[in-house]
Amino acid sequence: TETIESASNGILHNLLTTIIQDIVAKERVNSQVLNTRYPNIK
Amino acid sequence: CKHIEQVFQNEKSKDGVLKSCNAARFILRHTPIKEKLLHTMKCSQCQEINAGSTFMCLQCDFVGCWNGSHFITHMKRFGHVFGINSSNGLLFCFKCMDYIGHLETINYSMLNKYWDDISTKTTIPSQERRDGLFGLVNMGSTCFMSSILQALIHNPYIVNYSMSQTHFVNCSIKNSSLCMSCALDAMIIEFYGQSKLQPISSSSSSSSSSSSSSPSAFISLLTCSLKINENFAGYSQQDAHEFLQYFLNQLHQDYKRDSSHNEQENNCPCVAHSIFQGELKSSIVCPECQNDSKTIIDPFMDLSLDIKDKTDLYQCLDSFHKKEKLHDFNYHCSRCNTSLDPIKQFTINKLPPMLVLQLKRFEHFVNGTNVKLNEFVQYPLYLNMRDYCDRNTNQETPDIIYELTGILSHIGSINEGHYVVVLKINDGRWFKFNDSMISVIKEDEALKQQAYLLFYTVRQIN
Amino acid sequence: NSMKAQIQKYLVESGNYELISKQLTESLLREGWIDKVKTLTKEELQENKSLNYTELLSKIEPKALDMVSDSTKTQALQKIKVFLDQVVDT
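Protein chains in written order, with the numbering used here: chain A, 3 to 44; chain B, 3 to 464; chain C, 578 to 667.
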């Protein structure tokens, strides 16, 4: 049974995980780009 | 990613992938957020919105979420391996379980497609144009304009704005003789973008110098300026500070003309306001009960500082900021019902990224006489504005450090004077711009100018 | 799931979802959480360059969720509940 409590928690969880996954995705891609363009970068 | 490489081995499938990627990204860029949430960010399987990242399948109309692993299920069922993240447009391989974000073939496929066309219609700027050093011949009395223009053209915020074509894209006029923002863009293109070599002549002294004929864009700007305001036509000497105010106002007006935003001036996102506008708090406080109901906050584009009997900039700022009792003021406090002289103080409520300080060198008297104050006022390389900011009693105000990046000085008398500007360019070197003559100068010489306008750029907040 | 999906759809159509999302992002930015998550991710990548996205996310996500301040969570939940109460009435 969906309660207001569980629905709210679910929506907040979705929002937070979307933000986190977006941040991690962008950092991952940035690192890929740097490693590709400058393989010996320190 | 060996999976995308496999696809790219076949020209037809490669083309198909690139087309789908570009189409998906175009849709994502041009779709309002509400529509995106209801379609591209809603999982086709569980119908949840934003259940983690959502991915648009490259091969069908399926959208799968991360949190429910529904794209993975789709992949296992149909063998569709690639998905585009609906939030950021990045391509994901569900076999490698990783993003393929670094492939230039995908990221710059549009550029690659049109490269031949681009390479014939554009030119690479010559190396000499790197610092945008271009003298401006004095066309009568244009030094007040050229010194301000040089300061703006070497302002990285303005250069960035211009080079990203932010104004050009939205301009309804697109003519540098009729639009001041277009004229500024044209000057920046000419200063930084010319591919022809400019003749450089070196003098016998240690400093290098360059002189060149005026760029045609400067002529367009003068034409435009004459059409808008005859006073700034350039054949009679005007005040450089007034010209700065006029010019920034023009940039704002150009933005307003072409923008659909109905912003109030306090929140205007135009280039002039976003770089130069701060907020000044004028507080009028009752000495009895501290009532500050008559306190107001006003925007400012520059601060004008008294320099009489002052020897350095901090003294000028201290004087500007100090608390003063207001005499002969019809003040009545509604809270405590007293009529004591209130305490007035200016504090900075919000600092701009570029702080312009005018040292009030010109005094204009009621009897018509004008006097110029020639006293030297010392100014620092780094200016800490912390003490002049409105202090939040709950938090400690941090050091807010500004770096000196430009000094506009006035040489000569009030009626027969000349403006010169000294600017710090890209790699930290100081250059003096004197109409058509540009020369390298040492830092200690830069600090010895008879400053009229000081340009400070925000550097660090501790 | 169907009920939850319907609730979300209503939230989006009424414009409230975007509002909540914006306010949440602002709070997270203001409290430095976004910068912290970015730093955490960069550090993890520097330590182990061979991590793919999935492995990286499995390390970062639980820590990042933990790092969200209680006040931000409470405020966001409160706002969501207010809108959901309206939905229930409707």
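Think of the CB as a built atom: it goes at the ideal place given N, C-alpha and C, for glycine as much as any other residue. None of these values were measured; they are calculated from a predicted model.
Every beta strand (DSSP E) of 3 residues or more that sits fully in the stretch 74-113 of chain B is shown, in chain order, as 84-87 and 93-95.
Within chain C, the residues whose beta carbon sits less than 8 Å from that of Y101 of chain B are Y630, listed in sequence order. Our two residues, K115 of chain B and Y194 of chain B, have alpha carbons roughly 27 Å apart in a direct line. For A9 of chain A, the closest Cβ of chain B is not nearer than 8 Å. A448 of chain B counts as buried, since at least 16 other C-beta atoms from the protein chains shown sit within 10 angstroms of its C-beta.
For L17 of chain A, the closest Cβ of chain B is nearer than 8 Å.
DSSP places M165 of chain B within a helical segment (H, G or I) once states are collapsed to three. Beta-bridge pairing by DSSP links A453 of chain B to B:S411. Note that the stretch 220-235 of chain B does not touch the stretch 152-167 of chain B; fewer than 3 beta-carbon pairs, one per stretch, sit closer than 8 Å.
One Cα belongs to S89 of chain B, the other to A25 of chain B, and the distance between them is close to 15 Å. By the beta-carbon neighbour count (other beta carbons within 10 angstroms, threshold 16), H254 of chain B is buried. Exclusion of the five residues before and after E621 of chain C leaves L628, L633, K636 and I637 as the residues of its chain whose Cβ lies within less than 8 Å of its Cβ.
A distance below 6 Å between beta-carbons, with the five flanking residues on each side excluded, links E192 of chain B to the following residues of its chain, in chain order: P217 and A219.
The beta-carbon of K650 of chain C is placed no less than 8 Å from the nearest beta-carbon of chain B. Of the candidates B:C291, B:Q239, B:L20 and B:S415, the residue whose Cα lies closest to the Cα of N140 of chain B is B:Q239. Against L661 of chain C, the close residues of chain A are I6, A9 and S10, in the order they occur along the chain (beta-carbon pairs closer than 7 Å). Fewer than three pairs of CB atoms, one per stretch, sit closer than 8 Å, so the stretch 330-347 of chain B makes no contact with the stretch 399-418 of chain B. Restricting attention to C:I597, C:Q663, C:T616 and C:Q655, the CA atom closest to the CA of M644 of chain C is found in C:T616. Linking S166 of chain B to G280 of chain B through their CA atoms gives a straight-line distance of about 24 Å. Taking the Cβ atoms as the reference, A242 of chain B lies roughly 4 Å from F146 of chain B, within the contact range of under 8 Å. Excluding its 5 nearest sequence neighbours in each direction, Y101 of chain B has C-beta neighbours in its own chain below 6 Å: L92 and F94, listed in chain order. Below 8 Å, enough C-beta pairs join the stretch 7-27 of chain B and the stretch 107-114 of chain B to call them touching: three or more. Where I175 of chain B is concerned, there is no enclosing alpha helix (DSSP H), because DSSP gives it neither an H nor an E.
In summary, F433 of chain B is buried, with 16 or more beta-carbon neighbours lying within 10 Å of its beta-carbon over all protein chains present. Only those residues of the stretch 23-42 of chain A whose C-beta falls short of 9 Å from the nearest C-beta of chain C are listed: Q23, I25, V26, A27, K28, E29, R30, V31, N32, S33 and N37.
Taking 8 Å as the upper bound for CB-CB distance, D343 of chain B and L328 of chain B are in contact here, some 6 Å apart. When DSSP states are grouped into helix, strand and coil, G66 of chain B belongs to the strand group. Here the stretch 20-31 of chain A lies against the stretch 55-62 of chain B, with 3 or more beta-carbon pairs under 8 Å apart. By the neighbour-count definition (other C-beta atoms within 10 Å, threshold 16), Q34 of chain A is a buried residue.
Taking a C-beta distance under 8 Å as the contact criterion, Y458 of chain B and L385 of chain B qualify as a contact pair. Counting only Cβ-Cβ distances below 7 Å, Y587 of chain C has no contacts in chain B at all, with the closest Cβ about 11 Å away.
DSSP places M356 of chain B in the uninterrupted beta strand (DSSP E) bounded by M356 to K362. About 4 Å separates the CB atoms of Q47 of chain B and H72 of chain B; that is less than 8 Å, so the two are in contact. Of all residues in the stretch 26-51 of chain B, those with a C-beta nearer than 9 Å to a C-beta of chain A are M43, E50 and I51, reading in chain order. Contact annotation: H82 of chain B and Q61 of chain B have beta-carbon atoms nearer than 8 Å. The straight-line gap separating the alpha-carbon atoms of L605 of chain C and S646 of chain C is approximately 8 Å.
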